[in-house]
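Residue numbering for the sequence shown follows the numbering used here, starting at 180 and increasing by one per position.
All C-beta atoms, glycine included, are put in the ideal place defined by N, C-alpha and C.
On a predicted model such as this, the values are computed, not experimentally measured, just so you know.
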Amino acid sequence: MAKVKSANVKYVYSFGGGKADGNESMKDLLGGKGANLAEMAGHPELRLPVPPGFTITTEVCAYYYNNKKTYPAVLKGQVQQALVKVEKIMGRKFGDIKNPLLVSVRSGARKSMPGMMETVLNVGLTEKTIPGLINQSGGNDRFVYDAYRRLIMMYSDVVMEKAAGVEPKEDEGIRRQLERIMDAKKKEKGCVSDTELSADDLKNLCVAFKNKIKETLGKSFPNDP
Numbered sequence: 180m181a182k183v184k185s186a187n188v189k190y191v192y193s194f195g196g197g198k199a200d201g202n203e204s205m206k207d208l209l210g211g212k213g214a215n216l217a218e219m220a221g222h223p224e225l226r227l228p229v230p231p232g233f234t235i236t237t238e239v240c241a242y243y244y245n246n247k248k249t250y251p252a253v254l255k256g257q258v259q260q261a262l263v264k265v266e267k268i269m270g271r272k273f274g275d276i277k278n279p280l281l282v283s284v285r286s287g288a289r290k291s292m293p294g295m296m297e298t299v300l301n302v303g304l305t306e307k308t309i310p311g312l313i314n315q316s317g318g319n320d321r322f323v324y325d326a327y328r329r330l331i332m333m334y335s336d337v338v339m340e341k342a343a344g345v346e347p348k349e350d351e352g353i354r355r356q357l358e359r360i361m362d363a364k365k366k367e368k369g370c371v372s373d374t375e376l377s378a379d380d381l382k383n384l385c386v387a388f389k390n391k392i393k394e395t396l397g398k399s400f401p402n403d404p
């Protein structure tokens, strides 16, 4: 397939801090979600307090599939520049051990696709950044380990299994296996709801989740933000 020149193409559109690169008319390029976020964040009469972020354009998806599943060479640099803008607005730094920035990664499309879009929350939370977030949350380690537990479940499912093209047997997907581990922990502790699990319970679950991921997918859960 034909290669697409990418050197001068803008693939990343920022929003937040009262400004936005795009607007609601750019749904083909930014997807419905990205275009609407840009409109809410940057419209002079709205200027809603939208948390800052950035949208990777739909052109990157097209490029990926037209170029043997590779990304434009300039994409990484553009993402890094956009991330710096978010850091400045939030007063936090991605991967910082004392003042970590966490981001959610949400998928979108040119047209609405209910039930098809995947999400990964709390990206940037690692064993090294956990203490910093605990300190910033006033010592609420339960909150932080619950956030980490969610990241492990989502990332292993969306990125390490689905995006990697792993086809599990019925009811043996990595997310279902991790849910069974969590269900067993709740039964062991006599809990009905997830919220009844203690910080130590959640910390132990994170370890058990990582062990199951390595056993099932043959790869360790990453510890690099």
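Residue i and residue j closer than 8 Å at C-beta
{"i": "L330", "j": "L300", "result": "yes"}
{"i": "L304", "j": "Y334", "result": "no"}
{"i": "V261", "j": "V371", "result": "One point to set straight first is that residue 261 is Ala, not Val, in the sequence displayed. Contact: no."}
{"i": "G211", "j": "S291", "result": "yes"}
{"i": "V263", "j": "L280", "result": "no"}
{"i": "L396", "j": "V337", "result": "no"}
{"i": "Y250", "j": "Y243", "result": "yes"}
{"i": "V239", "j": "L254", "result": "yes"}
{"i": "R355", "j": "M332", "result": "no"}
Anticipated Cβ contact below 8 Å, residue i with residue j, distance rounded
{"i": "I268", "j": "P228", "result": "That pair is no contact at about 11 Å."}
{"i": "V302", "j": "L312", "result": "At roughly 13 Å, the Cβ-Cβ gap does not stay under 8 Å, so V302 and L312 are not in contact."}
{"i": "I360", "j": "A387", "result": "5 Å"}
{"i": "T298", "j": "R289", "result": "The pair is not a contact, with the Cβ atoms about 18 Å apart (cut-off 8 Å)."}
{"i": "D207", "j": "T237", "result": "7 Å"}
{"i": "I276", "j": "K248", "result": "Not confirmed; about 34 Å, so no contact."}
{"i": "M339", "j": "K398", "result": "6 Å"}
{"i": "N202", "j": "A186", "result": "Not confirmed; about 25 Å, so no contact."}
{"i": "K364", "j": "D380", "result": "6 Å"}
Residue environment, residue i, which counts as buried when at least 16 other CB atoms sit within 10 Å
{"i": "G252", "result": "A small fix is needed here, since residue 252 is Ala in this sequence, not Gly. Result: exposed."}
{"i": "P293", "result": "exposed"}
{"i": "G287", "result": "buried"}
{"i": "D403", "result": "exposed"}
Chain D contact for residue i (CB, 8 Å cutoff)
{"i": "K290", "result": "The structure shown contains no chain D; it holds only a single protein chain."}
Just to confirm the assignment: which complete alpha helix (DSSP H) runs, minimum length 4, are found wholly within the stretch 308-388? 309-315, 320-334, 353-368
Count the CB pairs spanning the stretch 213-230 and the stretch 193-205 that are closer than 8 Å, and state whether there are at least three. yes
Does the pairing of the stretch 263-279 with the stretch 359-373 give three or more beta-carbon distances under 8 Å? no
For the stretch 225-305, which segments carrying the beta strand (DSSP E) assignment without a break, of at least 3 residues, lie completely within its bounds, in sequence order? 232-235, 282-285, 298-302
At what residue ranges does the stretch 186-230 contain a whole run of the alpha helix (DSSP H), taking only runs of 4 or more? 206-221
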